[in-house]
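The block underneath contains the structure these notes are about, expressed in structure tokens.
In the working numbering, the protein residues as written are 17 to 220.
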């Protein structure tokens, strides 16, 4: 994803990121994907792709489709403070380690955050604080599973319900005691089990 690697390309928005991904696949003549996945910010991007290209993939797994719906000065404050907090967390020894079940994952996340530009972090905070799934009548064909933790249900509920209505076949999974993005980040093996069930059985 733009802004997440050691390059000079900033993350702009989920909509822009979705357009870049779709264009890349079209340029390389790839038109029949088995699966698209996304968690947290990646969930926003995956949702945007599915809305723009309703036959993009056979299956979709989306985790933590969250947004706070901040506006105006509150959104600006959220972006400014969030930028500072994320940088501080990533640079504080041992602070983020409990979020990950493998040390290499924690080290990788810290490296990525510490190398993000100020502009990328600001745009991510704005996206996180004000993302809203677009309303549309066109149905998405990918068989989809949308997951969120019980500890984040309120923030995810609105976007999840809007997207669910746009999908031909959609399963909603609430994971007890889980927080934002904790499945993919904190328990990748359980994440993989959900993924296997989706593809092998067609549903949960």
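Note that the Cβ used here is the ideal one computed from N, Cα and C, for glycine as well.
The continuous alpha helix (DSSP H) containing residue 61 extends over residues 57–68. Boundaries around residue 165 are those of the beta strand (DSSP E), 159–165, since no alpha helix (DSSP H) includes it. Only residues of its own chain outside the window of five on either side were considered, and among them 77 have a CB closer than 7 Å to the CB of residue 211, listed in chain order. Contact check for residue 62 and residue 53: beta-carbon distance about 7 Å, within the 8 Å limit, so the pair qualifies.
The beta carbons of residue 82 and residue 168 sit about 6 Å from each other, so the pair counts as a contact at 8 Å. Secondary structure of residue 194 (DSSP, three-state): coil. Among the bridge pairs identified by DSSP, residue 53 is matched with 77.
By the CB criterion at 9 Å, residue 158 and residue 71 fall inside the cutoff. Around the C-beta of residue 47, fewer than 16 other C-beta atoms lie within 10 Å, and the residue is accordingly described as exposed. DSSP places residue 188 in the strand class (E or B) of the three-state scheme.
DSSP lists 183 as the bridge partner or partners of residue 156. If you draw a straight line from the Cα of residue 188 to the Cα of residue 36, it comes to about 28 Å. A direct Cα-Cα distance of roughly 25 Å separates residue 162 from residue 39. Restricting attention to 49, 29, 165, the CA atom closest to the CA of residue 57 is found in 29.
When the beta-carbon positions are compared, residue 175 and residue 149 come within less than 9 Å of each other.
Residues 66, 70, 182, 183 of the same chain have their beta carbon placed closer than 6 Å to that of residue 156, with the five preceding and five following residues left out of the count. Close CB contacts of residue 55 within its chain, under the 6 Å cut and outside five residues either way in sequence, are with 79, 80, 197, 200 (chain order).
Look at residue 71 here: in three-state DSSP terms it is coil, with no helix or strand label. For residue 172, the closest C-alpha among the options 132, 42, 147 is that of 147.
For residue 145, the enclosing alpha helix (DSSP H) has its first and last residue at 134–146.
Cβ-Cβ distances below 6 Å link residue 180 to 186 in the same chain, with the five nearest sequence neighbours on each side left out; the list follows chain order. Apart from sequence neighbours up to five positions away, the residues of its chain that approach residue 17 with a beta-carbon distance below 8 Å are 27, 33, 57, 58, 61, ordered along the chain.
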